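Peer 1:
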Amino acid sequence: MKRRDILKGLTLLPLASGLVSKAASIGEIAPSRPKAAERDLFKELGVTPVINASVTMTFLSGSLMLPEVLEAINSTSHDFADMYELQDKVGAKIAEMLHVESAMVTSGAACAILLSTAAAITGTDPEKIKLLPNLPGPRPEVIMQKTHRYLFDQAVTTTGAKIIEVEGADEMEKAINDKTVMALFFNAAGKSSISHADFVAIAKKHNIPTLLDAAADVPPVENLFKYQKIGFDLVTFSGGKMIRGPQSAGLLFGRKDLITAARLNHSPNEAPIGRPMKVNKEEMFGMYAALKAYLERDHKKEWEEWLQRAKHIGSQLEVVQTVKTETVVDPGPANAFPSLKVTWDQAKIKIKPKEVVSALKSGTPSIVAGGRADHLLIGVVLLRPDQVDVVAGRVKTILQQAT
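Under this note's numbering, the sequence shown has 500 at position 93, and the numbering climbs by one with no breaks.
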């Protein structure tokens, strides 16, 4: 899908006056050095600011929010809002942007998995919603491929559901029974014994809803549209990764009846299983602003900027004897963007990549990068422009001191 196709038909008005400014150039939307604040809360609390020369990770606070997102948060923080109405209006605009029946803002993709499972179990039945996860009778079942099991599928079992592992299409067919409520496809799994299309086809044959977890799977922007076209009933993306919305926000979109049921299992309703996972109004406005800005971005230009960053850092490092650099792109689907691979002759530069990673992290400023036994991996997409030379200089110094 090309950018012009994404934007075609978008006739959106801001949700609040001045909420989302006109799309800026890549240079303007790139993270930039913040203006000096009168109060330094990092210093006041003794928290170490970190330069993220890796990938989007929750323990490193995700990504840096876009200026449009900060504007949305600040401009809407001074008034109260009816949260039901806000989720209605934000969800409608997001659904329009993504060309789906319905959408909602969740507290991250993990929350979306829980809410999707809850929706598949309860529908709109108020008694089931009230009782979840302690429904009487046999446990509901959610089908997953064995190779797709991962840490975050705990969100499924939190609802009281049981995960049924399958390998191959035949096993999936045989596993479906009257207790089956949903089928979950983890998009970033290394291997799949069932393709996306076959997974959806089998589930549809038995009228079983499907959920695709694609939390970290943009770029490319086309992924926001790809999986719904394959036929998944629900799709979730993290809001706080490369879409660069609030870290604690996420997107869940797809079939209207399932989104309606997911919302009934969520805050601001007072007693459902999703009540502890509330999303505040600023995050909803911010997620809307982030998605709108992401869709309007010149993705080709941004990609070229990332490549230039990698090339620039590489040119500074290669002045060190035996150092070689190469721009590599993770095949994805998660974190599918450029990084810089750095290698050297460890007989002449007597330091291991993981030792460089440790030195970067413990230094000032603290820099988080990736390391393997034979190479250093420097992420470039999350750096502010003023941090590019800082990272290059620190790595260069560490390598020079080890010669």
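Heads up, the beta-carbon is just placed ideally off N, CA and C, and yes, glycines get one too.
Computed from a predicted structure; not experimentally measured.
Looking at LEU789: is its Cβ nearer than 9 Å to the Cβ of PRO745?
Peer 2: On the sequence shown, residue 789 is found 382 positions in, with the first residue counted as 1. On the sequence shown, residue 745 is found 338 positions in, with the first residue counted as 1. Not a contact, by the Cβ cut-off of 9 Å.
Peer 1: Considering only the beta carbon of each residue, do MET579 and ILE550 sit closer than 9 Å?
Peer 2: Residue mapping note: residue 579 aligns to position 172 of the sequence shown, counting from 1. Residue mapping note: residue 550 aligns to position 143 of the sequence shown, counting from 1. Cβ distance < 9 Å, so MET579 and ILE550 count as in contact.
Peer 1: If we count Cβ pairs, one from each stretch, closer than 8 Å, do we get three or more for the segment 603-614 versus the segment 633-651?
Peer 2: Touching, yes, given that three or more Cβ pairs across the two stretches are closer than 8 Å.
Peer 1: Let me confirm a value: TYR695 is counted as buried when at least 16 other C-beta atoms fall within 10 Å, else exposed. Which label applies?
Peer 2: Your numbering for residue 695 matches position 288 in the sequence shown. TYR695 comes out buried.
Peer 1: Which of the three DSSP states is assigned to ASN742 in this structure?
Peer 2: Locating residue 742 in the sequence shown gives position 335, where the first residue counts as 1. Here ASN742 sits in coil by DSSP.
Peer 1: Start and end of the alpha helix (DSSP H) containing GLN808?
Peer 2: The residue you call residue 808 lines up with position 401 of the sequence shown. Counting along the chain, the alpha helix (DSSP H) containing GLN808 begins and ends at 795-808.
Peer 1: In the segment 569-643, which residue ranges form an unbroken alpha helix (DSSP H) of at least 4 residues, counting only runs that do not cross its ends?
Peer 2: Entirely contained in the segment 569-643, the alpha helix (DSSP H) runs reaching 4 residues are, in chain order, 575-582, 603-612, 630-637.
Peer 1: Sort out for me which residues DSSP pairs SER773 with in a bridge.
Peer 2: What you label residue 773 is simply residue 366 of the sequence shown in a count that begins at 1. According to DSSP, which records beta bridges pairwise, SER773 is partnered with VAL457.
Peer 1: For GLN723, which residues of its own chain have a beta-carbon under 7 Å away from its beta-carbon, when the five flanking residues on both sides are left out?
Peer 2: As a first step, residue 723 is located in the sequence shown; it is residue number 316 there, counting from the start. ALA799, LYS803, listed in sequence order.
Peer 1: Closer than 7 Å by C-beta to SER645: which residues in its own chain qualify, once you throw out the five before and the five after it? Chain order, please.
Peer 2: Taking the first residue of the sequence shown as position 1, residue 645 is located at position 238. For SER645, where only same-chain residues beyond five positions count, the Cβ hits under 7 Å are GLY515, ALA516, ALA622, ALA623, GLY657.
Peer 1: Measure the Cβ-Cβ separation of ILE501 and MET490 and say whether it is below 9 Å.
Peer 2: Here residue 501 corresponds to residue number 94 of the sequence shown, with the count starting at 1. Here residue 490 corresponds to residue number 83 of the sequence shown, with the count starting at 1. For ILE501 and MET490, no; Cβs fall outside 9 Å.
Peer 1: So for SER765, helix, strand or coil by DSSP?
Peer 2: Along the sequence shown, one-based indexing puts residue 765 at 358. In this structure, SER765 counts as helix in the three-state DSSP scheme.
Peer 1: Consult DSSP for ALA669 and reduce its assignment to one of helix, strand or coil.
Peer 2: Position 262 of the sequence shown holds residue 669. Residue state, collapsed to three classes: helix.
Peer 1: Tell me the rounded alpha-carbon separation between VAL763 and ALA479.
Peer 2: Numbered from its first residue, the sequence shown carries residue 763 at position 356. Numbered from its first residue, the sequence shown carries residue 479 at position 72. Distance between the alpha carbons of VAL763 and ALA479: 39 Å.
Peer 1: Identify which residue in PRO540, LYS731, GLU492, ILE720 has its Cα closest to the Cα of GLY786.
Peer 2: Within the sequence shown, the letter at position 379 stands for residue 786. Of PRO540, LYS731, GLU492, ILE720, the residue nearest in Cα terms is ILE720.
Peer 1: Name the residue from VAL797, ILE805, ARG801, PRO772 whose alpha carbon lies nearest to the alpha carbon of LYS450.
Peer 2: By 1-based counting over the sequence shown, the position of residue 450 is 43. The candidate whose alpha carbon is nearest that of LYS450 is PRO772.
Peer 1: Once DSSP output is grouped into helix, strand and coil, what is the label at VAL726?
Peer 2: Looking up residue 726 in the sequence shown gives position 319. Of the three classes helix, strand and coil, the one that applies to VAL726 here is coil, per DSSP.
Peer 1: Using alpha carbons as the reference points, say which of LEU747, ILE758, TRP751, ARG801 lies closest to GLY777.
Peer 2: Reading the sequence shown from its first residue, position 370 is the one you call residue 777. Nearest option by C-alpha distance: LEU747.
Peer 1: ASP620: buried (16+ other C-beta within 10 angstroms of its C-beta) or exposed?
Peer 2: Locating residue 620 in the sequence shown gives position 213, counting from the first residue. Classification of ASP620: buried, given that the 10 Å Cβ count is 16 or more.
Peer 1: Could you tell me how far apart the beta carbons of ALA590 and ILE615 are, in whole angstroms, since I believe they sit closer than 8 Å?
Peer 2: Mapped onto the sequence shown, residue 590 falls at position 183. Mapped onto the sequence shown, residue 615 falls at position 208. Between ILE615 and ALA590 the Cβ distance is about 5 Å, and since that is below 8 Å, they are a contact.
Peer 1: Could you tell me if GLY652 is buried or exposed, where buried requires 16 or more neighbouring beta carbons within 10 angstroms of its beta carbon?
Peer 2: Here residue 652 is taken as the residue at index 245 of the sequence shown, counted from 1. Per the 10 Å Cβ criterion, buried.
Peer 1: Does DSSP put LYS748 in a helix, a strand or coil?
Peer 2: Along the sequence shown, one-based indexing puts residue 748 at 341. Correct three-state label for LYS748: strand.
Peer 1: Any contact between the segment 677-687 and the segment 520-533? By contact I mean 3 or more CB pairs, one from each, below 8 Å.
Peer 2: Verdict: yes, contact present.
Peer 1: Of the choices ARG670, ASN742, LYS569, whose alpha-carbon is the least far from that of PRO627?
Peer 2: As a first step, residue 627 is located in the sequence shown; it is residue number 220 there, counting from the start. Of the candidates ARG670, ASN742, LYS569, the one whose C-alpha sits nearest the C-alpha of PRO627 is ASN742.
Peer 1: By alpha-carbon positions, which one of PRO760, PRO740, TRP751, LEU477 ends up nearest to THR732?
Peer 2: Stepping through the sequence shown from its first residue, residue 732 is reached at position 325. It is TRP751.
Peer 1: So, ILE666 versus GLU508, is the Cβ gap smaller than 9 Å?
Peer 2: The sequence position of residue 666 within the sequence shown is 259, counting from 1. The sequence position of residue 508 within the sequence shown is 101, counting from 1. Closer than 9 Å, so yes.
Peer 1: Any idea which residues DSSP pairs PHE660 with across the strands?
Peer 2: Here residue 660 corresponds to residue number 253 of the sequence shown, with the count starting at 1. Bridge partners of PHE660: ALA510, VAL642.
Peer 1: Alpha carbon to alpha carbon, how far is ASN584 from ALA576? Give it in angstroms, no decimals.
Peer 2: By 1-based counting over the sequence shown, the position of residue 576 is 169. By 1-based counting over the sequence shown, the position of residue 584 is 177. When rounded, the distance between both Cα atoms is 15 Å.
Peer 1: Give the straight-line distance between the Cα atoms of THR554 and TYR701, rounded to the nearest whole angstrom.
Peer 2: As a working mapping, residue 554 is identified with position 147 in the sequence shown. As a working mapping, residue 701 is identified with position 294 in the sequence shown. Computed Cα separation, rounded: 31 Å.
Peer 1: Consult DSSP for LEU790 and reduce its assignment to one of helix, strand or coil.
Peer 2: Here residue 790 is taken as the residue at index 383 of the sequence shown, counted from 1. DSSP places LEU790 in coil when its eight states are reduced to three.
Peer 1: Between ALA430 and the rest of its own chain, which residues show a CB-CB distance below 6 Å, the 5 nearest in sequence each way excluded?
Peer 2: By 1-based counting over the sequence shown, the position of residue 430 is 23. With a pLDDT of 37 at ALA430, under the threshold of 50, the modelled position of that residue is not reliable, and the figure given next carries that caveat. Closer than 6 Å at Cβ, skipping near neighbours: GLU703.
Peer 1: Measuring straight from C-alpha to C-alpha, what distance separates VAL797 and ASP705?
Peer 2: Stepping through the sequence shown from its first residue, residue 797 is reached at position 390. Stepping through the sequence shown from its first residue, residue 705 is reached at position 298. Cα-Cα distance, rounded: 26 Å.
Peer 1: Distance, Cα to Cα, PRO760 vs THR483?
Peer 2: Numbered from 1 along the sequence shown, position 353 holds the residue referred to as residue 760. Numbered from 1 along the sequence shown, position 76 holds the residue referred to as residue 483. Cα-Cα distance, rounded: 45 Å.
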